[in-house]
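Heads up: the structure comes next, in structure tokens.
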Amino acid sequence: MKNKNAFTLLELLIVITLLLLIFGIIGYTYVSNIKGLSYLSIKSQKTVQEISLVSQITKQIFSSIEKKTINFELEEDRISFYTLYPIFYEGAVRAEYRIEKVKDKYKVLYMEFPYIDGKLGDEGLKKTVIGYFDYIKVEVLQNGRFLRNFRSKGFPQYLIIFTKNRKYLISKK
Numbered sequence: 019m020k021n022k023n024a025f026t027l028l029e030l031l032i033v034i035t036l037l038l039l040i041f042g043i044i045g046y047t048y049v050s051n052i053k054g055l056s057y058l059s060i061k062s063q064k065t066v067q068e069i070s071l072v073s074q075i076t077k078q079i080f081s082s083i084e085k086k087t088i089n090f091e092l093e094e095d096r097i098s099f100y101t102l103y104p105i106f107y108e109g110a111v112r113a114e115y116r117i118e119k120v121k122d123k124y125k126v127l128y129m130e131f132p133y134i135d136g137k138l139g140d141e142g143l144k145k146t147v148i149g150y151f152d153y154i155k156v157e158v159l160q161n162g163r164f165l166r167n168f169r170s171k172g173f174p175q176y177l178i179i180f181t182k183n184r185k186y187l188i189s190k191k
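In case it helps, our numbering puts the sequence shown at residues 19 to 191.
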């Protein structure tokens, strides 16, 4: 006589297969969400780093001083100007941003010279790494021309910072 209360082997295999399928889908969804969140976190950290750099440069340019013959210098890997918005010291300083290629990234280094007369050279120099960027380039827009090298008593009409996915436009006015 057969027991009608028991499960057959086929029924057990079907239930186990369905449970494995359900848990597999749940696991895949969970792992995909974790990957998406980590990508989003990295992307937002890069964006915050870019905005912080642009914000710092903007504040320093708005607080700039024009007391010397050459007050603003832009080269392909360097921006230098005089400002009353220092990071390390008090008073007027020469702020300088240097862009260095390091492997496949660009390192932005901020340096502050406390003696704006330039007579003491690198004495008192303080520096810090602002961050590492996938791509960064700085240009000046002056009288309708884009320039990678620029020296002037006054500040340019526009300073443009190019990153991998964005352009930031800074105007002193």
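Ideal Cβ positions, reconstructed from N, Cα and C, are used throughout, including at glycine.
Considering residue i, what are the terminal residues of the alpha helix (DSSP H) in which it resides?
{"i": "Lys-10", "result": "No information on residue 10 is available, as it lies outside the stretch 19 to 191 that the chain covers here."}
Residue i: buried (16+ other C-beta within 10 angstroms of its C-beta) or exposed?
{"i": "Leu-71", "result": "buried"}
{"i": "Thr-47", "result": "exposed"}
{"i": "Arg-112", "result": "buried"}
{"i": "Tyr-153", "result": "exposed"}
{"i": "Ile-97", "result": "buried"}
{"i": "Ile-60", "result": "exposed"}
{"i": "Ile-44", "result": "exposed"}
{"i": "Tyr-100", "result": "buried"}
{"i": "Val-158", "result": "buried"}
{"i": "Val-33", "result": "exposed"}
Check whether the Cβ atoms of residue i and residue j sit closer than 8 Å, and answer yes or no.
{"i": "Ile-69", "j": "Leu-177", "result": "no"}
{"i": "Glu-118", "j": "Asp-95", "result": "yes"}
{"i": "Phe-90", "j": "Phe-151", "result": "no"}
{"i": "Ile-88", "j": "Arg-169", "result": "yes"}
If we ignore side chains and look at the alpha-carbon of each, how far apart do residue i and residue j end up?
{"i": "Phe-106", "j": "Lys-144", "result": "7 Å"}
{"i": "Asn-23", "j": "Leu-30", "result": "13 Å"}
{"i": "Lys-185", "j": "Leu-36", "result": "51 Å"}
{"i": "Lys-190", "j": "Val-120", "result": "31 Å"}
{"i": "Tyr-128", "j": "Gly-42", "result": "50 Å"}
{"i": "Ser-73", "j": "Asn-167", "result": "22 Å"}
Identify whether residue i lies in helix, strand or coil by the three-state DSSP scheme.
{"i": "Leu-177", "result": "strand"}
{"i": "Ala-113", "result": "strand"}
{"i": "Ile-154", "result": "strand"}
{"i": "Phe-90", "result": "strand"}
{"i": "Ile-188", "result": "strand"}
{"i": "Tyr-107", "result": "coil"}
{"i": "Ile-148", "result": "strand"}
Where does the unbroken beta strand (DSSP E) through residue i begin, and where does it stop?
{"i": "Ile-97", "result": "96 to 101"}
{"i": "Arg-169", "result": "168 to 170"}
{"i": "Leu-127", "result": "123 to 131"}
{"i": "Glu-165", "result": "Going by the sequence as given, residue 165 is Leu instead of Glu. Looking at the DSSP string, the run of the beta strand (DSSP E) that includes Leu-165 is 163 to 165."}
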